[in-house]
Every structure is written in C-alpha cells, then in structure tokens.
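Residue numbers (our numbering), protein chains in the order written: chain P, 1 to 436; chain E, 1001 to 1314.
Just so it is clear, CB atoms sit at the ideal spot from N, CA and C, and this is done for glycine as well.
Just so we're clear, the structure is a prediction, and the values are computed from it rather than from any experiment.
Heads up, the thing below is written out as structure tokens.
Encoded structure:
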C-alpha cells in the first residue's frame, strides 16, 4: 500500500458523512429569495435594481466599483420586493440585501459562452468576476482577485481542494463523483489564466469513488499536467496552507500569501462554477449544499443562493428531535445561527445539532497534557496562547505567533479540560488588531 | 421558530476528559498494585488504602479551605496510590498518611491545585518522608514471606556488596523494595497500556530509560540490571509522565528524560544513595518551566531560529 500524503498534527473527529452516498438533489424552486449584497470578502455591492423591478435568474442585481468584490445575481426570476438590511449567516448585525418574489417561471439570463482556448486570460478573468464567482469552500474570497496574482509573482502550481475534511460535509464529494469532467475543465481554465504548469487535485482517501471518478475524467481529458492525489483522512487537511505543504511540501511564509511560493489553491466547487461561467455563460446563482446532522432526511441539495435555511431544512423533512443549533458550515468551523438566514455562496453545509448534543461542556483547569501542541498543524502552543490571551498579555501572544493560528479548532476539539482555546486565540488576535 | 443555541466553533469535542485520563491511569496501575499486595502481603494493602484515603480527604478539605469546589477527578487517588507504591511495604500507616497529606496539601494544593503544581506530588510526599523518617523509609521486607524480617534492595546489594540480583527476580518482582517498584513486568503492562491508549507520551520513558541504559553500558555497568532494578521503570512510566510537572512539548519531554537519566546515573554511581529516581524526577520538575520557555515546536512558515535560545529575554 502506498503511503498517503499527510501533514504534522491534525485530528480524527468522527466523519459524520451521512450523505456521502446520496446523489445531489435539485431543491424545489423557492417562492422568494434574499440575495445578500455582501456575501464575499471585500467591498459590499450596491444594488443596480430598484424595488418593483422585474428580474430574471442570472441577472446582475448588485455590483461594486472595487476590484476586491464580486457581483451578486438574482437566483430566481420575479419581482424585487424589498431592498434593505437582512439577516446574514455571518454577522449578527445583518447586511444589505435584495428580496425577490418568484414569478414561478424561472426565466434565465445567460451570458455568451466562451472558448477558453481562444479567449485571453484577461477576458476569462473578467468573465469569472462578472459571473460573481467566489471561493466556494467557505472563505468566499473573490475568485477573479485570487486569479490575478500581484505583478512579478509567477504561479507554477494550481491545487484543487477536494479534501473536504470537515465532519458532515459531502457537497464537494458528490460534485466530484457526479460532475468530474466539469471540474477538470474548470481547473484547466484556472491553469491557463495563471500560466501554471502543474495541477494537483487533493482528495482525502476516504472518498474513493471521488478519487476514481476524477482520475477517469482526467484520463479522458488528459494532457498529463494534472494528477489526483489521495491524502490521509485527517482534519484540517483541506486548509489551504496545510494542503500546499502536504502536496508540494512548500510552506507559505508566516504573514504572506501562497502567491509567494508559486501556488494557488481553489476549491473543486469553485472550479465547477468557473466551468459553468466560461462554457455555459451561467452566473453563480446556485450551489451544492449538504443539509445534515439531526434532520429527518440528510441530503445534498442543489439550492439557489438566497433560499432560506428553514426552507432547505423543510426540504429534508425538518428537524429530528429538539433542535439545539443550526450551523452554517460543518461542525468544526460552522457559524451557529440564532435565526432563519438566507443561503449565501460560501456556505457548503447546513448542520443541525440536537439540543442534547448542543450542550456546552464544563470548563476545567488545564492539566498541561500537551495534546493541543501535539495536534496543532501550525506548530503553535495553543494552551499558552489561550492562557496569555485570557490574561490580556497580548504582547506575549505575538511572541508565541498568535497570528499564525488559522483557527481550525483542533486544539479545542482535543482539550480534555474542555477549554475554548481557539476562542481565546481569536479574542487575542482581535484585540491585537484593534490596537494596531 | 425554536430558540436556537449559539456558541463559537468548534461544535464537536472529543470524548477525552480529565476523569477519563485519570481513571485510565488508575486502571493501568492495577497490575502493579496487585503485584505489590501479592508480594508483600496485606500490610501493603493497608498502606495503599491509607494513602488514597488520606490524599482524597486532604484534597477535599484543602479545596474547601481555598473556597473551591472539590471534584472527584481521580487525580488525588493517583497521587495517593503512586505514593503508596513507592513506600516500603512495612511502613507504619501513620507515616504513610502524613506522606499523602504532605503530597496533596503542600505539593499540590498550596501551588493552586490541579495543573498548577511544579513538583510531582507523590514524589514530593516521598521525599518529605525520606528526610523525616529515614529508617522507616529504608526498612525493606522479603517478598512472599509476609513477615517482618528485613532484607536489602537489589540496588542496595549492588552498592554495598557488589551483588547482582538475577534478571528473572527483577522482572517478576521477587526482591526487596517499595510496594510497586519491584515487578518490571507488571509496570510494563500498565505503561504499555497507557502508551497504546496515547494517554502518556512514549518519549519520556524511552528517553529516560534509554539514557540510564546507555550511560550505564558506557560506564561498564550492567545495563539491564540498572534498568530493571529500583524505581526506574515505575518512575519512568508513571511519574516522569505526569503531565502537570513535565514539559509540554515532545522535544521538551525528551530533554526531561535525558536529564533525569543522567541524574539517576550520577546518584547511583557517585552519590551516597543507592537509588536516584525520586531526586532525578523532582530535580527535572524544577527545570520544566525553563525547558517550556525555550523548547517550542517549529511554527509553520517560520524557519527554525536557534539564536532565540541565546538571546536574553526581556
């Protein structure tokens, strides 16, 4: 047996992949959607439609002048009924959003298809921006910006992230099994835009069918530059810096970007979205989202962006038992919601936790067991950072490299004393940032 | 709409708790404890019970005095049990009880309780007894004889009369010594179980025992004898692995083991005592904060910088 590629530290939480074998199901067309104008990293969009306007699915309804942004498109056809502050999965304050009432016709607006062989990289990037594509693995960083490295930074390697290491989520897994050719085509567009010679698709070894289907798709469409790698199943394998280290054994220097070491990581779902935008002219208005955990019937849904969480949960038969938490994202990184919120581009999973499992464990004294140090994939000392941040000794936090923490939460997961270490760390970072 | 619970991620926690670790350690000590009672008779059982009882009671009252809530997390049981295992089988019960009281009250609670103490509580208790009642603490009885006729420990015989106890006796424990230190096999079963369960770091016992073995071999002594005789195995697997008092990083724990190993060799070969395990661990406990300050893992994306070790800290 070949030794699987792996990395230092990491944890083995239960997989909870209830939906790994379930084909992607198209969710019912929602009666109304809420399109948030700020669902990506960067500048928020301003509306380009007015209340009362008729819009079609795929029509641009919000855009920004700043390059670091991504436009938002109507995900259904119908009437704009309200423009104003709406609840957001990511911030309790809410963000500007556009409500659209469906006319039930689902009329589409598509752009002209492009041929990536003849189109210039510049035009391809413009299309990716115009289609509103952002990183679909969760970070929602505008893809057009990521594919425009700063002057003088040559990218030789593109890594496609199919690790999907977080418990519960199977959206990327199903996409790789069901539409591998589209992912490969999207990846080739990325490689062309960046002029990269090497491509790797990293997939955790527990997704055998996905590895096989991606390999088959590559055989059909082979030019030998792209290869699929089976990675050890371990969290946080899918974190970009860890994935780069695992696959090409390069480390992003502390405080810089993977541009500096010639690598760019994209999610497999992002590659598929790029395929749709380039080959079919379709803007990013729907995505695969895994609805799982304590729901009657866990599913992988192809859902329109802007559909409310509760509508998607209803689609899966509703809650199983007494609902405790609803997470936007998986059980390691997901944001716990306190109200019904609309689906945004970056959310790959809706995870429901029962009330009895949602109980917070009692905090105890640190016994210096060293587990958090053993598993920290970044080589940090989380117990020290936690103690220092808790005591407001922020200068020392910096000495212990607090800003190198990527907040994967592994330390909090393993801690036998149930200390919320990653919470202390993010608190410390926030205080240091505010201090400037 | 239901009321939802919000909390920061991660929303999954492992099922390992302090209690689970502590009670697993207690389970791992069962072979050694049973062996000690079998070899040295019912008085050994009384010593063990006295120490555990005294340790738990002391912790209860000490925490009450400190205005803190007592939690039966198993750590006081371990301290009492470990102390008993490194006491002579015929030690008067009141002395054993005072040792357990000292271990918990002075070596643990006075520092702030679980997780705060610098020195291993059981060994601190033992050190206190060695100084206070040196005769009682060095009166050894014969194994399987269940009488009060005294004998010498293998290390004592080696130091005073240059006699080497056979390996088989050292492995099975049919020699004079502390209740829990004589049977190498029983200790290895328990220690191996903890390593397999990943509750203790293999690096400390391996570097500790390895250092003693290698140094003894280099200095022309009998390597295997020095590994099996005395309290090295008990100390290496159950005391030099006490999370609270050893370094937090793997590299630091290796340093700890090497340092403790050197001290054992120095005491056994040059010092006045035949045995040096207790002092070696306590002395290295004192170095733990220093090791933790300087030995850190390499951070991702940051090259190793050894010059940090030489710079004066602010």
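Residue-level contact check: residue 1243(E) touches chain P, since one or more beta carbons of chain P fall below 9 Å from its beta carbon. Contacts between residue 1132(E) and chain P, judged by CB atoms closer than 7 Å, are missing: the closest CB pair is about 29 Å apart.
The contact set of residue 1222(E) on chain P, defined by CB atoms closer than 8 Å, is empty, because the minimum CB distance reaches about 34 Å. Note on geometry: alpha-carbon atoms of residue 1147(E) and residue 1141(E) lie some 7 Å from one another. Nearest in C-alpha terms to residue 147(P), of all of 77(P), 201(P), 195(P), is 195(P). In the DSSP annotation of this structure, the continuous segment of the beta strand (DSSP E) that includes residue 157(P) starts and ends at 157-162.
Between residue 411(P) and residue 421(P), the beta carbon gap of about 4 Å places them in contact (Cβ cut-off 8 Å).
Residue 226(P) places its beta carbon less than 9 Å from that of residue 201(P).
By the criterion of at least three beta-carbon pairs nearer than 8 Å, the segment 1249-1263 of chain E is in contact with the segment 1277-1290 of chain E.
Excluding its 5 nearest sequence neighbours in each direction, residue 1247(E) has C-beta neighbours in its own chain below 8 Å: 1253, 1255, 1256, 1288, 1291, 1292, 1295, listed in chain order. DSSP, reduced to helix, strand and coil, places residue 1066(E) outside both helices and strands of the structure shown, so it counts as coil.
Here the segment 109-128 of chain P makes no contact with the segment 228-240 of chain P; the two share fewer than three CB pairs at distances below 8 Å.
Residue contact check for residue 423(P) against chain E: a CB pair falls below 9 Å.
In the same chain as residue 297(P), and ignoring 5 residues on each side of it, the C-beta atoms closer than 7 Å to its own belong to 316, 317, in chain order.
Under the Cβ criterion of 9 Å, residue 89(P) is not counted among the residues facing chain E. Put simply, the segment 1048-1059 of chain E does not touch the segment 1154-1165 of chain E. Fewer than three CB pairs are less than 8 Å apart. Not a single C-beta of chain P is nearer than 9 Å to the C-beta of residue 1206(E). Counting along the chain, the unbroken alpha helix (DSSP H) around residue 182(P) starts and ends at 180-194. It is roughly 32 Å from the alpha-carbon of residue 1045(E) to the alpha-carbon of residue 365(P). Ranked by Cα distance from residue 87(P), the options 380(P), 341(P), 391(P), 70(P) are led by 341(P). Within the segment 1164-1241 of chain E, the runs of alpha helix (DSSP H) that reach at least 4 residues and sit entirely inside it are, in chain order, 1167-1172, 1184-1196, 1203-1218, 1223-1228.
Using a CB distance cut-off of 9 Å, residue 1072(E) does not count as an interface residue toward chain P.
Within chain P, the C-beta atoms nearer than 8 Å to that of residue 1298(E) come from 379, in chain order. Of all alpha-carbon atoms in 170(P), 281(P), 62(P), 20(P), the one lying nearest the alpha-carbon of residue 123(P) is that of 281(P).
In the three-state scheme derived from DSSP, where H, G and I count as helix and E and B as strand, residue 206(P) is classed as coil.
Contact annotation: residue 243(P) and residue 163(P) have beta-carbon atoms nearer than 9 Å. Check the Cα spacing between residue 1063(E) and each of 1112(E), 1228(E), 1124(E): the tightest is with 1112(E).
Only residues of its own chain outside the window of five on either side were considered, and among them 383 have a CB closer than 8 Å to the CB of residue 368(P), listed in chain order.
Looking at the backbone, the Cα of residue 190(P) and that of residue 271(P) are separated by about 8 Å. For the set 1082(E), 1150(E), 1139(E), the Cα lying nearest the Cα of residue 1233(E) is the one of 1082(E). Within chain E, the residues 1299, 1300, 1301, 1302 have their CB atoms less than 9 Å from the CB of residue 404(P), given in chain order.
Your pair residue 259(P) and residue 153(P) checks out as a contact, with CB atoms roughly 4 Å apart and the cut at 8 Å. Look at residue 1121(E): its C-beta is not under 9 Å from any C-beta on chain P. In this structure, 362(P) is the residue among 362(P), 406(P), 432(P), 394(P) with its C-alpha nearest to the C-alpha of residue 416(P). Residue 128(P) counts as buried, since at least 16 other C-beta atoms from the protein chains shown sit within 10 angstroms of its C-beta. Under the three-state reduction of DSSP, residue 319(P) is assigned to strand.
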